[in-house]
Amino acid sequence: MPTLYIVATPIGNMDDVSKRSIDTLRQADLILCEDTRVTKKLLDRMEIKTPAMSYHQHSKLPKINDILNFAKQDKVLALVSDAGTPGISDPGNQLIEIFVKEFGESAKIIPIPGPSAMACSASIAGFSMDKFCFFGFPPAKNKRQKYFKDLLDQKCPVIFYESCYRIIKTLQEIEALDKEAQVVVCRELTKMFETVYRGKVGEAISKVKKDPIKGEFTVIVKR
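740 is the number of the first residue of the sequence shown in the working numbering; add one for each residue after it.
This is the structure we're talking about:
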């Protein structure tokens with residue numbers, strides 16, 4: 740029976756990895772990961788010897804066929820992202836869709852829950868998060884203004900991810916559309932230099948600029 744585990748891994752602090760995640764990765768026949776170099780750091784720390792293969796959004800059909808052929812041998816696969824929960828702003832769900840089309844109900848697709856920057860940021864937002872939207876990453880170039888207009892049209896808080904290279908530009912684009920928007924900007928969640936900036940978007944821009952702009956950012960916007 741084809742088996743695919745979707746395994747959450749730490750978003751920063753390695754101590755956040757669960758025992759179940761470790762056991763699953765040890766018992767799997769093959770680990771599929773965005774970047775084998777990144778995942779190797781976790782595997783080495785946890786003394787996991789399972790072989791790893793890269794799988795990401797640019798993986799070609801021959802590699803996908805290799806993965807499917809491996810699964811057809813009743814091998815156990817485990818999918819991880821570089822950090823956090825696979826399938827959230829990464830190609831994990833593409834692989835699940837392929838598995839479902841190929842194997843139907845005979846496929847066992849099993850989530851191993853754990854860290855997620857989205858859930859982590861929501862838990863400390865200070866806004867009512869009974870209802871919220873997740874917008875993934877903003878477009879790098881085209882359709883950015885439409886993205887931010889859609890974001891600000893929502894009646895509930897919106898969470899999105901951004902890189903250190905575009906965070907200031909992104910916050911400035913939001914400010915240009917709505918100076919009164921309230922934001923929570925989370926930098927390097929669970930890591931040594933974890934920082935959370937709160938306030939109106941203009942205030943957050945000033946605060947972010949005062950610190951080294953490094954790492955990944957998670958942003959929550961509320962109108």
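Just so it is clear, CB atoms sit at the ideal spot from N, CA and C, and this is done for glycine as well.
The structure presented is a predicted model; accordingly, all values stated were derived computationally and were not measured.
Option nearest residue i by Cα separation, candidates the options
| i | options | result |
| --- | --- | --- |
| Gly823 | Pro854, Leu816 and Ile803 | Pro854 |
| Gln812 | Leu890, Asp768, Ile787 and Pro852 | Asp768 |
| Ile906 | Ala879, Phe932 and Lys888 | Ala879 |
| Phe932 | Gln833, Pro801, Glu919 and Gly954 | Gly954 |
Which residues DSSP lists as bridging residue i, in chain order
| i | result |
| --- | --- |
| Met792 | Leu771 |
| Ala817 | Tyr744 and Ile770 |
| Gln921 | Lys939 and Lys961 |
| Glu955 | Ser902 |
| Lys847 | Thr742 |
| Val897 | Cys872 and Val960 |
| Gly823 | Thr748 |
Separation of residue j from residue i, as counted between CA atoms
| i | j | result |
| --- | --- | --- |
| Met857 | Thr748 | 14 Å |
| Ile770 | Glu914 | 42 Å |
| Ile898 | Val923 | 9 Å |
| Ile848 | Asp774 | 22 Å |
| Gly938 | Leu890 | 18 Å |
| Lys691 | Ser793 | In this structure the chain extends from 740 to 962, so residue 691 is not present and cannot be described. |
| Glu786 | Arg759 | 15 Å |
| Ser820 | Gly875 | 15 Å |
| Ser845 | Ser945 | 54 Å |
| Pro790 | Lys780 | 13 Å |
| Asp718 | Lys949 | Because the chain is modelled from 740 through 962, residue 718 falls outside the range shown and cannot be assessed. |
| Cys925 | Met753 | 18 Å |
| Phe809 | Pro801 | 12 Å |
| Arg776 | Tyr900 | 22 Å |
| Asp892 | Ile952 | 28 Å |
| His795 | Met868 | 31 Å |
| Lys788 | Ile803 | 23 Å |
| Phe866 | Cys772 | 34 Å |
| Lys870 | Lys888 | 19 Å |
Beta carbon of residue i nearer than 8 Å to that of residue j
| i | j | result |
| --- | --- | --- |
| Ile959 | Ser860 | yes |
| Thr742 | Ile851 | no |
| Phe956 | Cys903 | yes |
| Tyr886 | Pro877 | yes |
| Gly831 | Ile745 | yes |
| Ile863 | Val935 | yes |
| Thr929 | Asp755 | yes |
| Ala943 | Leu916 | no |
| Glu841 | Leu807 | yes |
| Val815 | Gln766 | yes |
| Arg883 | Ala920 | no |
| Val947 | Lys918 | no |
| Gly843 | Ile835 | no |
Quiz item: Fully enclosed by the stretch 924-948, which beta strand (DSSP E) runs are 3 residues long or longer?
Solution: 934-939
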